[in-house]
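Numbers -18 to 66, taken from my numbering, label the letters of the sequence shown in order. All residues carry an ideal CB built from backbone N, CA and C; glycine is no exception. Note that this is a predicted model, so its numbers are computed, not measured. First up is the structure itself, then whatever we jot down about it.
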Amino acid sequence: MTNDHATLSVSVVLDTSISNAEKAMLLILACYVDAEGMCSVQQRTLAEHYGCSLRFARTLLTRLRAKGCLTWERRASQNVYRMLR
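Next up, the structure:
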């Protein structure tokens, strides 16, 4: 299920160390987050929404984790993402 109104924090939008590609991925993730900032969505789905390869989607997610924008943990057979910024 996706949110009708996905948002990014101003700190992310104005952060020049986060690329536009990374910001776009965060916005796609924001479409799936719940009130606690968590979501469970397949990386393949993220790649399809972005219009990129699965490998590029994984690269973006890894970069975002390194920049402190999100984290994730593996639960059962899926990742659960938490947006931090």
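query, result
"If we call anything under 8 Å between Cβ atoms a contact, is A11 one with M64?", "yes"
"The beta strand (DSSP E) that contains Q24, what's its start and end?", "No beta strand (DSSP E) holds Q24; the alpha helix (DSSP H) holding it covers 24 to 31."
"What are the start and end residues of the alpha helix (DSSP H) that includes E54?", "Per DSSP, E54 belongs to no alpha helix (DSSP H); it is in the beta strand (DSSP E), 51 to 56."
"Relative to the C-alpha of K4, which candidate in R44, Q24, V22, S34 has its C-alpha closest?", "R44"
"Which whole-angstrom value describes the C-beta separation of K48 and I9, a residue pair presumed to lie in contact below a C-beta threshold of 8 Å?", "Actually they are not in contact, since the Cβ atoms of K48 and I9 sit about 16 Å apart, beyond 8 Å."
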